[in-house]
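Note sheet for the following structure.
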Amino acid sequence: MIRTINDAYLDLRAEFRRKGIAGYQVEARELVSFALGLDYDAFLEKRNQYIFEKDEQKIAELKALRYSGVPLQHITGRWEFYGLPLEVTPDTLIPRADTEALAEVGIRLLQERSKGRMLDLCCGTGCVGMAVLKNVSDGITGVLADLSEPALEVARRNLVRNHLTPRALTVQVNALEEASPVLGKFHLILCNPPYIPTGEIPTLDPEVQREPRMALDGGEDGLDFYRAVCRNFAPALSRGGALAFEVGLGQFEDVTAIMETSGYSFVQHACDLAGVERVVWGIWDQPAHD
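All residue numbers for the sequence shown refer to the numbering used here, where the first residue is 690 and numbers rise by one.
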């Protein structure tokens, strides 16, 4: 039977929907596009063209891989975050739409500045920091920091892909340790830390368990990184600078208390598109760390 690219997409979309795959529409489009070597614009332009047997075989192979539990992003090696094309590998946490709320808070906190410095701590792919840099003044520069060198390699390639190398650099940093004075001062620190309680990791969806454990494990109660970053990175903030965290479901009250106890002022939270309290941030105005 002769089929078009659109036929293959619609059939796969329906199949993914029956299988209960969240985001089945986007996943079907991405898988078909990847199998045929198309980007999004080319997919739209060529969707009425016929496909060949070798294309059908490629789609079938990738579909089988997806059904084996491999996340789509690890199959294609690419994903989009806040409109930016990103490389994604098994060495990095897969960027999720929930995290765009952290980027939006960062943009809001820096949008009135013409110059400044920003730190994306626990950066992974670098998605949060790059989303902010793309939407604020060119006078804002950034540092993307992570403990994982393989993740930093991905972040560096993403900086190149998004034409941000003149404005940002990557540094290996352990967020659980004191910030090195070499980092300098920042007007904003953004952090999407590991926040899954250790005991809950075996209960996570198998696809999530395929992601780097060091990007998931937040300690016994999931709050280890919030305590450490609040304490260890206050000296890296300029007076009046802000620290903003992504938080897990139901964690915003605990993180708010940690920030207030650590000396941050005007602590508040923001919700993601699903209405979940996803971001907590506060201002550092203590003179002792200037």
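Backbone N, C-alpha and C fix where the C-beta goes; we use that ideal spot for every residue, glycine too. Model, not experiment: these values are computed from the prediction.
query: What is the DSSP secondary structure of A977, counted as helix, strand or coil?; result: Below a pLDDT of 50, predicted positions are generally treated as unreliable, and A977, at 49, falls in that range; no measurement from the model is reported.
query: For F955, count neighbouring Cβ atoms within 10 angstroms of its own Cβ and tell me buried if that reaches 16, exposed if not.; result: exposed
query: Would you decide whether Y739 is buried or exposed? Buried here means 16 or more other CB atoms lie within 10 Å of its CB.; result: exposed
query: Extract the residue ranges of the beta strand (DSSP E) inside the region 706-789, only unbroken runs of 3 or more that lie entirely within it.; result: 767-770, 773-776
query: Hey, would you say L872 sits closer than 8 Å to A925, going by beta carbons?; result: yes
query: For Q861, which residues does DSSP report across the bridge?; result: D835
query: Can you give the Cα-Cα distance for S803 and E742, rounded to whole angstroms?; result: 55 Å
query: Mapping the DSSP letters down to three states, classify Q898 as helix, strand or coil.; result: helix
query: Return yes when the Cβ of W970 is within less than 8 Å of the Cβ of A933, no when it is not.; result: yes
query: Whole angstroms are fine: how far does the CA of F705 sit from the CA of I972?; result: 44 Å
query: Thinking C-alpha only, which one of G709, N737, N695 is nearest R718?; result: N695
query: Touching or not, the region 828-847 and the region 804-819, by the rule of three or more beta carbon pairs under 8 Å?; result: yes
query: For C880, which residues does DSSP report across the bridge?; result: L810, F934
query: Decide if the region 913-920 is in contact with the region 855-868; the criterion is three or more beta carbon pairs, one per stretch, under 8 Å apart.; result: yes
query: For E942, does the count of other Cβ atoms within 10 angstroms reach 16, so buried, or fall short, so exposed?; result: exposed
query: With 16 as the cutoff for other CB atoms within 10 Å, does E801 come out buried or exposed?; result: exposed
query: Here's the rule I'm using: 16 or more other beta-carbon atoms within 10 Å means buried, otherwise exposed. How should A844 be labelled?; result: buried
query: In angstroms, rounded to a whole number, what distance separates the CA positions of H958 and V832?; result: 24 Å
query: If R967 and F875 are in contact, beta carbons under 8 Å, what's the gap, nearest whole angstrom?; result: The pair is not a contact, with the Cβ atoms about 22 Å apart (cut-off 8 Å).
query: T854 by DSSP, collapsed to three states: which one?; result: coil
query: Under 7 Å Cβ to Cβ from W768, same chain only, skipping five residues before and after it: list those, please.; result: Q762, L775, V777, I783, P784
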